[in-house]
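Going line by line, the protein sequences match chains A and B. Be aware that the first sequence starts at 794, since it is given in the working numbering, and climbs by one per residue. Be aware that the second sequence starts at 1197, since it is given in the working numbering, and climbs by one per residue. Every residue, glycine too, gets a C-beta built ideally from N, C-alpha and C. Encoded as structure tokens, the structure appears first; notes follow it.
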Amino acid sequence: MDIGMIALYFVLVLVFVLLNVLILVWMERRVAGFFQERLGPNRVGPFGLLQTVNDTVKLLGKESIIPQAADRAVFKIAPIAIFTTAIALYAVVPFGKNLTVVNPNIGLFYFISLSSTTTISILMAGWGSNNKYSLLGGMRTVAQIISYEIPMVLSLLGVVMMVGSLNLSEIVNAQKGLWYILLQPVAFVIFIIAATAELNRAPFDMPEAEQELVGGYHTEYTGMRFALFFLSEYANLFSLSALAATLFLGGWQGPLLPGWAWFIIKVYFMIFLFMWIRWTYPRARLDHMMKLNWKLLIPVALVNILLTGVGIKLFQMMGR
Amino acid sequence: MFGQGLVKGLSITIKRFFQKKITEKYPEVKPKLPARSHGSFDFCAEKCIACNLCADACPNSVIKVDYFKNEQGKRVLENYRMNICYCLFCGLCIEACPTKALNSKPDFELAGFSKDDVVASWEGIARRNEGETAEDAVNKTGSGQQEV
């Protein structure tokens, strides 16, 4: 792949991400309103669609303040690092048939390993701000994301075992007849819970719990730097929903409509599910969250892998 | 069963999602207020006997009743002023009115650009002109019924 194509792909992904984030932020506020019997933003543009554009322009125009006591270099790098990882995740997402930037054999592995580096960026932001709330938020993130990484990967392992490949396009192709949500419902539920925690969304939003930590790791960030955190948060929401759609909902497979349309529909369904969860449940306590992870999700995920393995073996024996 | 409460919570919120929203789209859609709501005031100059009971009842001294006496010694309304920017819409003036000349109406959009904009004033049916005697005023009231 030459430099020109790489640049083109990068720009396309960037435009796609930014457009989606604009819609997602609007959708989040609108959906939140609807769940609370309100209407949400409806003043700027048709259905309030231009509200996010308005807010973004406002954020761009704001002064970016660096606190005097902050570790300047770390403080400045953190938002760039977190946004870079968020963008880089889109490289392997299969948007449609043959519609993926790169298609490595270890696509799923790449996705999971890269998404967990978000932890480092968040810890950098928390540490670099030199603010006790930011640091607390950052440390909570590390504890949370690292622990929830385990059940998430274990839940995906069942699907990988059934396909026999880490290539995301092959995983989609394998779901031609039957979506894996039907074969792996337990894994799907575990994935949803773990992804909610990975995304720092309620009910697992301790890292940025407004009522306890002011704003968590991005307390000290203003202007465009804050906007980058916000952007990457919603970019990650989209990419994890895309992963769920790819692994459990059959990716771009579907009748009548073109592949990319099915993919977008499924991803937005997943996003709606995440929003639904966020605006339903209150925040969990930190130790409860950890208990749920280590004492429930991981054992259940391990049993799920065991049963999947047994099931695959039985299927093979019956087929013979 | 474990997790039943979680499902119940989700079902409750999704019901709310499709329910009718309680937000009022105010400037586009005007709210329907009950007929007797204390919005602003409706004054009927013909019914007013200028007894000043409303002005006495008002806790904020919002109402000013200008009147004069005709030859029978009866009060005749000349001008009725309400400085609505001080009004607390308690409705005591409406309760005090013996002839039901003062009423409330649901129109609540009373904002104005200056203090003078929010003064409501109604002129009485009779007018005491400069140099006009009380007798002339009464004659005019009896015959003309000048509507202002």
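Same chain, Cβ closer than 6 Å to residue i, five either side skipped, listed in chain order
i: residue 924 of chain A; result: 1012, 1013
i: residue 987 of chain A; result: 941, 944, 945
i: residue 1316 of chain B; result: 1278, 1280
Contacts of residue i in chain A (Cβ-Cβ under 9 Å)
i: residue 1226 of chain B; result: The premise fails here: residue 1226 of chain B is roughly 17 Å from chain A at the closest Cβ pair, so nothing lies under 9 Å.
Endpoints, alpha helix (DSSP H) assigned at residue i
i: residue 1097 of chain A; result: 1091 to 1112
i: residue 1060 of chain A; result: 1052 to 1071
i: residue 1280 of chain B; result: Careful: residue 1280 of chain B lies outside any alpha helix (DSSP H) and carries neither H nor E.
i: residue 1299 of chain B; result: From DSSP, residue 1299 of chain B is part of no alpha helix (DSSP H) but of the beta strand (DSSP E) over 1298 to 1301.
i: residue 928 of chain A; result: 925 to 956
i: residue 916 of chain A; result: 911 to 921
i: residue 843 of chain A; result: Segment: none, residue 843 of chain A is in no alpha helix (DSSP H) and carries neither H nor E.
i: residue 985 of chain A; result: 978 to 991
Residue i vs residue j beta-carbon contact at 8 Å
i: residue 886 of chain A; j: residue 1032 of chain A; result: yes
i: residue 880 of chain A; j: residue 1028 of chain A; result: yes
i: residue 999 of chain A; j: residue 1082 of chain A; result: yes
i: residue 1260 of chain B; j: residue 1277 of chain B; result: yes
i: residue 1293 of chain B; j: residue 1250 of chain B; result: yes
i: residue 823 of chain A; j: residue 841 of chain A; result: yes
i: residue 1017 of chain A; j: residue 853 of chain A; result: yes
i: residue 947 of chain A; j: residue 1098 of chain A; result: yes
i: residue 883 of chain A; j: residue 810 of chain A; result: yes
i: residue 1219 of chain B; j: residue 832 of chain A; result: yes
i: residue 1235 of chain B; j: residue 1300 of chain B; result: yes
i: residue 956 of chain A; j: residue 980 of chain A; result: no
i: residue 907 of chain A; j: residue 1006 of chain A; result: no
i: residue 821 of chain A; j: residue 1217 of chain B; result: no
i: residue 1055 of chain A; j: residue 890 of chain A; result: no
i: residue 1020 of chain A; j: residue 845 of chain A; result: no
Where residue i meets chain B, residues with beta-carbon distance less than 7 Å
i: residue 1072 of chain A; result: 1209
i: residue 997 of chain A; result: Going along chain B, no residue has its Cβ under 7 Å from residue 997 of chain A, so there is no contact; the nearest lies around 14 Å.
i: residue 840 of chain A; result: Ordered by position in chain B, no residue passes the 7 Å Cβ test against residue 840 of chain A, which lies about 12 Å from the chain.
i: residue 1019 of chain A; result: Within 7 Å Cβ-Cβ: nothing; residue 1019 of chain A doesn't reach chain B, min ~28 Å.
i: residue 984 of chain A; result: Neighbours of residue 984 of chain A on chain B: none; closest Cβ ~16 Å, over 7 Å.
Residues near residue i in its chain [Cβ-Cβ closer than 7 Å; skip 5 each side]
i: residue 865 of chain A; result: 859
i: residue 1060 of chain A; result: 1031, 1034, 1035, 1038
i: residue 1334 of chain B; result: Low confidence applies here, because residue 1334 of chain B scores a pLDDT of 48, under 50, leaving its location unreliable; read the following figure in that light. Around residue 1334 of chain B: 1266, 1267.
i: residue 1318 of chain B; result: 1239, 1241, 1276
i: residue 862 of chain A; result: 923
i: residue 1227 of chain B; result: 1220
9 Å Cβ cut-off: residues of chain B touching residue i
i: residue 1069 of chain A; result: 1206, 1209, 1210, 1213
i: residue 1119 of chain A; result: Nothing can be reported for residue 1119 of chain A, as the shown portion of chain A is limited to 794 through 1113.
For residue i, three-class secondary structure by DSSP
i: residue 1001 of chain A; result: helix
i: residue 1317 of chain B; result: strand
i: residue 1022 of chain A; result: helix
i: residue 1041 of chain A; result: helix
i: residue 1233 of chain B; result: coil
i: residue 1271 of chain B; result: strand
i: residue 1312 of chain B; result: helix
i: residue 1199 of chain B; result: coil
i: residue 1239 of chain B; result: strand
i: residue 889 of chain A; result: strand
i: residue 1335 of chain B; result: Annotation note: pLDDT 49 at residue 1335 of chain B (below 50); position unreliable, no value reported.
i: residue 869 of chain A; result: helix
i: residue 805 of chain A; result: helix
i: residue 1207 of chain B; result: helix
Per-residue contacts from residue i into chain A (C-beta, under 8 Å)
i: residue 1218 of chain B; result: 830, 831
First through last residue of the beta strand (DSSP E) which encompasses residue i
i: residue 1259 of chain B; result: 1259 to 1265
Sequence-distant residues of its chain with Cβ nearer than 8 Å to residue i (five each side left out)
i: residue 1256 of chain B; result: 1282, 1283, 1284
i: residue 902 of chain A; result: 959
i: residue 1064 of chain A; result: 817, 820, 1030, 1031, 1034
i: residue 878 of chain A; result: 907, 908, 910, 911, 914, 1025
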